[in-house]
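There are 2 protein chains.
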Amino acid sequence: MRRPTITDIAQRVGVSKGAVSFALNGRPGVGEATRARILQVAKEMNWRPHSAARALGGARAEAVGLVIARPASTLGVEPFFAQLLSGLQAGLSAQSVALHLLIVEDVEAEMEVYREWASAHRVDGFVMVDLKVRDPRIEVLEEAGTPAVVLGGPGRHGSLSSVWADDRGAMLSVVDYLAALGHRRIAHVAGLPAFRHTQRRMRALHDRAGRLDLEEAVSVPTDFSDSEGAAATRALLSRPRRPTAIVYDSDVMALAGLGVAGEMGVKVPDELSIVAFDDSVLTRIAHPAISALSRDTFAFGKQLAEVMLEIIAEPGLRRDVKTATPRLVVRESTAPPGAWQEN
Amino acid sequence: MRRPTITDIAQRVGVSKGAVSFALNGRPGVGEATRARILQVAKEMNWRPHSAARALGGARAEAVGLVIARPASTLGVEPFFAQLLSGLQAGLSAQSVALHLLIVEDVEAEMEVYREWASAHRVDGFVMVDLKVRDPRIEVLEEAGTPAVVLGGPGRHGSLSSVWADDRGAMLSVVDYLAALGHRRIAHVAGLPAFRHTQRRMRALHDRAGRLDLEEAVSVPTDFSDSEGAAATRALLSRPRRPTAIVYDSDVMALAGLGVAGEMGVKVPDELSIVAFDDSVLTRIAHPAISALSRDTFAFGKQLAEVMLEIIAEPGLRRDVKTATPRLVVRESTAPPGAWQEN
DNA sequence: CTTGCGTGCTAAATCGCTCTAGTTGCCGGA
DNA sequence: TCCGGCAACTAGAGCGATTTAGCACGCAAG
Numbered sequence: 001m002r003r004p005t006i007t008d009i010a011q012r013v014g015v016s017k018g019a020v021s022f023a024l025n026g027r028p029g030v031g032e033a034t035r036a037r038i039l040q041v042a043k044e045m046n047w048r049p050h051s052a053a054r055a056l057g058g059a060r061a062e063a064v065g066l067v068i069a070r071p072a073s074t075l076g077v078e079p080f081f082a083q084l085l086s087g088l089q090a091g092l093s094a095q096s097v098a099l100h101l102l103i104v105e106d107v108e109a110e111m112e113v114y115r116e117w118a119s120a121h122r123v124d125g126f127v128m129v130d131l132k133v134r135d136p137r138i139e140v141l142e143e144a145g146t147p148a149v150v151l152g153g154p155g156r157h158g159s160l161s162s163v164w165a166d167d168r169g170a171m172l173s174v175v176d177y178l179a180a181l182g183h184r185r186i187a188h189v190a191g192l193p194a195f196r197h198t199q200r201r202m203r204a205l206h207d208r209a210g211r212l213d214l215e216e217a218v219s220v221p222t223d224f225s226d227s228e229g230a231a232a233t234r235a236l237l238s239r240p241r242r243p244t245a246i247v248y249d250s251d252v253m254a255l256a257g258l259g260v261a262g263e264m265g266v267k268v269p270d271e272l273s274i275v276a277f278d279d280s281v282l283t284r285i286a287h288p289a290i291s292a293l294s295r296d297t298f299a300f301g302k303q304l305a306e307v308m309l310e311i312i313a314e315p316g317l318r319r320d321v322k323t324a325t326p327r328l329v330v331r332e333s334t335a336p337p338g339a340w341q342e343n
Numbered sequence: 001m002r003r004p005t006i007t008d009i010a011q012r013v014g015v016s017k018g019a020v021s022f023a024l025n026g027r028p029g030v031g032e033a034t035r036a037r038i039l040q041v042a043k044e045m046n047w048r049p050h051s052a053a054r055a056l057g058g059a060r061a062e063a064v065g066l067v068i069a070r071p072a073s074t075l076g077v078e079p080f081f082a083q084l085l086s087g088l089q090a091g092l093s094a095q096s097v098a099l100h101l102l103i104v105e106d107v108e109a110e111m112e113v114y115r116e117w118a119s120a121h122r123v124d125g126f127v128m129v130d131l132k133v134r135d136p137r138i139e140v141l142e143e144a145g146t147p148a149v150v151l152g153g154p155g156r157h158g159s160l161s162s163v164w165a166d167d168r169g170a171m172l173s174v175v176d177y178l179a180a181l182g183h184r185r186i187a188h189v190a191g192l193p194a195f196r197h198t199q200r201r202m203r204a205l206h207d208r209a210g211r212l213d214l215e216e217a218v219s220v221p222t223d224f225s226d227s228e229g230a231a232a233t234r235a236l237l238s239r240p241r242r243p244t245a246i247v248y249d250s251d252v253m254a255l256a257g258l259g260v261a262g263e264m265g266v267k268v269p270d271e272l273s274i275v276a277f278d279d280s281v282l283t284r285i286a287h288p289a290i291s292a293l294s295r296d297t298f299a300f301g302k303q304l305a306e307v308m309l310e311i312i313a314e315p316g317l318r319r320d321v322k323t324a325t326p327r328l329v330v331r332e333s334t335a336p337p338g339a340w341q342e343n
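Residue numbers (UniProt numbering), protein chains in the order written: chain A, 1 to 343; chain B, 1 to 343.
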């Protein structure tokens, strides 16, 4: 037997489909008694709205799109994403809005999906992540005319709304902390240089290094993978005058770096301090536990959801939200630079 | 200006919308010259199909649904999922089928989503994960009448297709390996006992322990979290006659366990061997590197996608695919039980 | 010269729902 | 008694595509 439609319900109750539609959507235009009967019958027949049919009429899709262009390898590891996703999901489900996630090969494919989903009213809005320098996706989203929130700002995302963390402030606090401990040679194993937040962190490090008059402050870009993180660490520790502290742009890379240090016989934290730019179970279960910049990623996702819902409700609105600056959680991987290097 | 529809194209070319539809779908019923002109104009006007409108007509949604009912915490950590997702995605995108992912609170919500998406033709099929003992979702999916693939078998999933790994065989190989090394007291920090695969692993361990006449073979259920994994490890290592080897049901728990062992001064692998039931970066970057059961999760996801596409193409078909049995990768965390316990 | 048939196309129904423009019936006020 | 107004409801158009039935035309066979 077929899926029941409002026409079926209308027939069974003996009213028109218009009345059924009104009743089911809690709209005026139908008496209380009739409404109750319609609801009753709808329940009995196990009726469910057909979202495609609704979408055709121009209604909300009740869904938000998240398209990610990343290779499998980098996505697989980072707890950050899953956390963010959960938060986003939680925020959206408060208004029972679904999240449509799609992982694609490259940015080209990502933009094509934006165009398709937007024009098919498949989603009411998009969340865009991994903001890049001179990002072509901005324009596509603007053209599509669908509300969108960009994760990672500030600025440079045209008319789109954004939610962003203060990467600069966070990096500054880390550098200040390390400098206060007495470190003068600080290295930074960064992420993809094409990403805006990577750029901001690099700039922050070097700005502060100049002001504090550090001996060395170098940023090494990577692709966020554990293997490149390890390789970068190996290279840094092989230098004649190696850094006494390394800041990693992700928890995974920090863990990999910790492993390399162990392998090379460099004691953490005695001979090398390690800080991760993202907190998760990984930093906690490592030995020694890694000092990390902690932010509530779940809450971050939730905030993202809130902004999304706001701009969906009121198109044309533009919001720029700065989230709480990540806070440095000091664990066992950081200490003043040891005696060995005093000579 | 509005999004162009086939009516707009028809007007501009001077044909009927039927002709346009034929042309755009590569169907016969329109001459070559006309077809070319229509395609040309469609491109010029930047036309894109409206999936909702298509869905209304009963066409394929070109999407597969994956609904996961898990708390944020467990989802965030496991590389397994992200890997699986990538593989699934890759397999599906070969036929440009999208993946609709939704993370929900509980199984109730999950089932509701199945009903909704199925009846709204929002997806052409579902992938179901985390198969439980006496799983109520099976029935819902069967009723929905939408093709579905269950991850984790064999058996007990009614008329649905499945793709499964040989958990039993994998566990047996681990036990055999540890026994061959000389271990007589083996513990198993298991996952959620409600999951079928957890059950199968537990049973396999105990079956083999009986046959090999081991002194001890205990399974401790957990919720897959690092904290419960750590707690279980602590408890096991605090026993008067503690196990000489522990098998963990996930890489995260194995890492947490490794940390606890270090804390308690139990040397790995001299005094304790550790095996993880899932392989990823985590096991590789740990120190010592953890011996793990490795499977190609990406390929696993791809296989899932293939089965999915098959049963979508031919509804009524039922497939049961057993994937390659995970292979034990021996690293540094396993060794014969040390001398200390010989007394 | 008719019949038959394939080709290329049109017109219109259809999918499930929303929403606007009526229509009906009833009540109260003048 | 009649009319205005309101509440309750109906009829039907419309959303964008697919799909079926059918039409007009040309050409070949009888």
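For each residue, glycine too, the CB sits at the ideal point set by N, CA and C.
Next on the checklist: Can you tell me whether Leu-172 (chain B) sits near the ligand MG, meaning its C-beta is under 7 angstroms from at least one heavy atom of the ligand?
Outcome noted: With respect to small molecules bound, the structure shown includes none, and the ligand MG cannot be examined in it.
Checklist entry - CB Ser-161 (chain A) to CB Val-150 (chain A), shorter than 8 angstroms? => result Numbered from 1 along the first sequence, position 161 holds the residue referred to as residue 161 (chain A). Numbered from 1 along the first sequence, position 150 holds the residue referred to as residue 150 (chain A). Taking 8 angstroms as the Cβ cut-off, Ser-161 (chain A) and Val-150 (chain A) qualify as a contacting pair.
Item to check | Counted within 10 angstroms of its Cβ, other Cβ atoms place Gly-29 (chain B) as buried (16 or more) or exposed | outcome: As a position in the second sequence, residue 29 (chain B) is number 29, starting the count at 1. The residue is exposed, with fewer than 16 neighbouring Cβ atoms inside 10 Å.
Checklist entry - How would you list, in chain order, the residues of chain B whose beta-carbon sits under 7 angstroms from the beta-carbon of Gly-262 (chain A)? => result Translated into positions along the first sequence, residue 262 (chain A) becomes position 262. Within chain B, the residues whose beta carbon sits less than 7 angstroms from that of Gly-262 (chain A) are His-287, listed in sequence order.
Checklist entry - Since Gly-14 (chain B) is in the alpha helix (DSSP H), which residue starts that stretch and which ends it? => result What you label residue 14 (chain B) is simply residue 14 of the second sequence in a count that begins at 1. Boundaries for Gly-14 (chain B): no alpha helix (DSSP H) harbours it, and the DSSP string shows neither H nor E there.
Checklist entry - How do the segment 34-52 of chain A and the segment 31-39 of chain B stand: do at least 3 beta-carbon pairs fall below 8 angstroms, yes or no? => result no
Item to check | Beta-bridge pairing of Ser-294 (chain A) - partner residues as DSSP gives them | outcome: The residue given as residue 294 (chain A) occupies position 294 in the first sequence. Its beta-bridge partners are A:Arg-327.
Checklist entry - Relative to the alpha-carbon of Ala-187 (chain B), which residue among B:Arg-239, B:Pro-136 and B:Pro-79 has its alpha-carbon at the smallest distance? => result The count along the second sequence starts at 1 and reaches residue 187 (chain B) at position 187. Checked all of B:Arg-239, B:Pro-136 and B:Pro-79; the closest Cα to Ala-187 (chain B) is B:Arg-239.
Item to check | Pair within 8 angstroms by beta-carbon distance, Leu-99 (chain B) and Leu-101 (chain A) | outcome: To locate residue 99 (chain B), count along the second sequence from 1; it is residue 99. To locate residue 101 (chain A), count along the first sequence from 1; it is residue 101. Yes. Within cutoff.
Next on the checklist: Across the segment 117-136 of chain B and the segment 49-68 of chain B, are there enough close Cβ pairs to call them in contact, namely three or more that are closer than 8 angstroms?
Outcome noted: yes
Checklist entry - Buried or exposed: Asp-106 (chain B), going by 16 or more other Cβ atoms within 10 Å of its Cβ? => result Counted from its first residue, the second sequence places residue 106 (chain B) at position 106. That one is exposed.
Checklist entry - Should Leu-304 (chain B) be labelled buried (16 or more other beta-carbon atoms within 10 Å of its own) or exposed? => result Reading the second sequence from its first residue, position 304 is the one you call residue 304 (chain B). That one is buried.
Next on the checklist: Can you check whether the C-beta of Asp-249 (chain B) is within less than 8 angstroms of a C-beta belonging to chain A?
Outcome noted: Mapped onto the second sequence, residue 249 (chain B) falls at position 249. No, its Cβ sits nowhere closer than 8 angstroms to a Cβ of chain A.
Checklist entry - Taking only runs of the alpha helix (DSSP H) that begin and end inside the segment 269-313 of chain A, which ones reach a length of at least 4 residues, in chain order? => result List check, alpha helix (DSSP H) in window: 281-285 and 297-313.
Item to check | Ala-245 (chain B) - partner residues in DSSP beta bridges | outcome: Your numbering for residue 245 (chain B) matches position 245 in the second sequence. Looking at the DSSP assignment, Ala-245 (chain B) forms a beta bridge with B:Ile-186 and B:Ser-273.
Checklist entry - Since Asp-226 (chain B) meets chain A, which of its residues come closer than 8 angstroms, beta carbon to beta carbon? => result Here residue 226 (chain B) is taken as the residue at index 226 of the second sequence, counted from 1. Neighbours of Asp-226 (chain B) on chain A, chain order: Val-281, Arg-284 and Ile-285.
Item to check | Buried versus exposed, by CB contacts within 10 Å (16 or more), Trp-340 (chain A) | outcome: Start at 1 with the first residue of the first sequence, and residue 340 (chain A) comes out as number 340. The predicted model places Trp-340 (chain A) with a pLDDT of 49, which falls under 50 and marks its position as unreliable, so this point remains unresolved.
Next on the checklist: In the DSSP assignment, the alpha helix (DSSP H) including Leu-255 (chain A) goes from what residue to what residue?
Outcome noted: Reading the first sequence from its first residue, position 255 is the one you call residue 255 (chain A). Taken as a continuous stretch (DSSP letters only), the alpha helix (DSSP H) holding Leu-255 (chain A) covers 251-263.
Item to check | Within 8 angstroms, strictly: CB atoms of Val-163 (chain A) and Val-266 (chain A) | outcome: Taking the first residue of the first sequence as 1, we reach residue 163 (chain A) at position 163. Taking the first residue of the first sequence as 1, we reach residue 266 (chain A) at position 266. Taking the C-beta atoms as reference points, Val-266 (chain A) is found no nearer than 8 angstroms to Val-163 (chain A).
Checklist entry - Name the chain A residues whose beta carbon is nearer than 9 angstroms to that of Gln-303 (chain B)? => result As a position in the second sequence, residue 303 (chain B) is number 303, starting the count at 1. Simply none; closest approach about 15 angstroms.
Checklist entry - chain B beta carbons: is any one of them nearer than 8 angstroms to that of His-50 (chain A)? => result Numbered from 1 along the first sequence, position 50 holds the residue referred to as residue 50 (chain A). By this cut-off, His-50 (chain A) is an interface position.
Item to check | Ser-162 (chain A) (DSSP reduced to helix, strand or coil) | outcome: Working through the first sequence from its first residue, we reach residue 162 (chain A) at position 162. In the structure shown, Ser-162 (chain A) sits in a strand (DSSP, three-state: E or B).
Checklist entry - Using a Cβ-Cβ distance under 8 angstroms, would Gln-199 (chain A) count as near chain B? => result Within the first sequence, the letter at position 199 stands for residue 199 (chain A). Judged by the 8 angstroms Cβ criterion, Gln-199 (chain A) is not in contact with chain B.
Checklist entry - For Gly-169 (chain A), which option in A:Thr-7, A:Gly-338, A:Val-189 and A:Arg-327 has the closest C-alpha, if you only look at C-alpha atoms? => result The residue you call residue 169 (chain A) lines up with position 169 of the first sequence. Nearest neighbour of Gly-169 (chain A) by Cα position, chosen from A:Thr-7, A:Gly-338, A:Val-189 and A:Arg-327, turns out to be A:Arg-327.
Item to check | Residues near residue 346 (chain B) by beta carbon distance below 7 angstroms, same chain, minus five either side | outcome: Because chain B in this structure spans residues 1 to 343, residue 346 (chain B) falls outside the shown range and cannot be described.
Checklist entry - The beta strand (DSSP E) with Ser-219 (chain B) in it runs from where to where? => result Reading the second sequence from its first residue, position 219 is the one you call residue 219 (chain B). First-last of the beta strand (DSSP E) with Ser-219 (chain B): 216-220.
Checklist entry - Are any of the Cβ atoms in chain A nearer than 8 angstroms to that of Val-97 (chain B)? => result By one-based count along the second sequence, residue 97 (chain B) stands at place 97. Output row for Val-97 (chain B): interface = no.
Next on the checklist: Within 8 angstroms, do at least three Cβ pairs link the segment 276-290 of chain B to the segment 312-319 of chain B?
Outcome noted: no
Item to check | Residues bridged to Lys-322 (chain B) [DSSP beta-bridge criterion] | outcome: In the second sequence, the residue the question calls residue 322 (chain B) occupies position 322. BP columns for Lys-322 (chain B) point to B:Trp-164.
Checklist entry - With 16 as the cutoff for other CB atoms within 10 Å, does Pro-136 (chain B) come out buried or exposed? => result Mapped onto the second sequence, residue 136 (chain B) falls at position 136. Counting the other CB atoms within 10 Å of its CB gives Pro-136 (chain B) a total below 16, which places it among the exposed residues.
Checklist entry - Should Gly-31 (chain B) go down as buried or exposed, given a rule of 16 or more other Cβ atoms within 10 Å for buried? => result For the purposes of this step, residue 31 (chain B) is taken as residue 31 along the second sequence, with counting starting at 1. Its Cβ having fewer than 16 others within 10 Å, Gly-31 (chain B) is exposed.
Checklist entry - At a Cβ threshold of 8 angstroms, is Ala-179 (chain A) touching chain B? => result On the first sequence, residue 179 (chain A) is found 179 positions in, with the first residue counted as 1. No, Ala-179 (chain A) does not count as interfacial toward chain B.
Item to check | Straight-line gap, Val-127 (chain A) to Arg-156 (chain B) (C-alpha atoms, nearest Å) | outcome: Position 127 of the first sequence, counted from the first residue, corresponds to residue 127 (chain A). Position 156 of the second sequence, counted from the first residue, corresponds to residue 156 (chain B). Straight-line Cα distance between these residues: approximately 39 angstroms.
Next on the checklist: If I measure Cβ to Cβ from Ser-333 (chain A) and keep anything under 6 angstroms in the same chain, skipping five residues before and after, which residues do I get?
Outcome noted: In the first sequence, counting from the first residue as 1, residue 333 (chain A) sits at position 333. So the qualifying residues of the chain are Val-268, Pro-269, Ile-274, Pro-288, Ile-290 and Ser-291.
Next on the checklist: Residues in the same chain with beta-carbon distance under 6 angstroms from Ile-68 (chain B), minus the five sequence neighbours each way, listed in chain order, please.
Outcome noted: Locating residue 68 (chain B) in the second sequence gives position 68, where the first residue counts as 1. Once the five neighbours on either side are set aside, the close Cβ partners of Ile-68 (chain B) are Ile-103.
Checklist entry - In terms of residues, what are the limits of the beta strand (DSSP E) holding Phe-126 (chain B)? => result Here residue 126 (chain B) refers to the residue found at position 126 of the second sequence. 125-128 is the extent of the beta strand (DSSP E) around Phe-126 (chain B).
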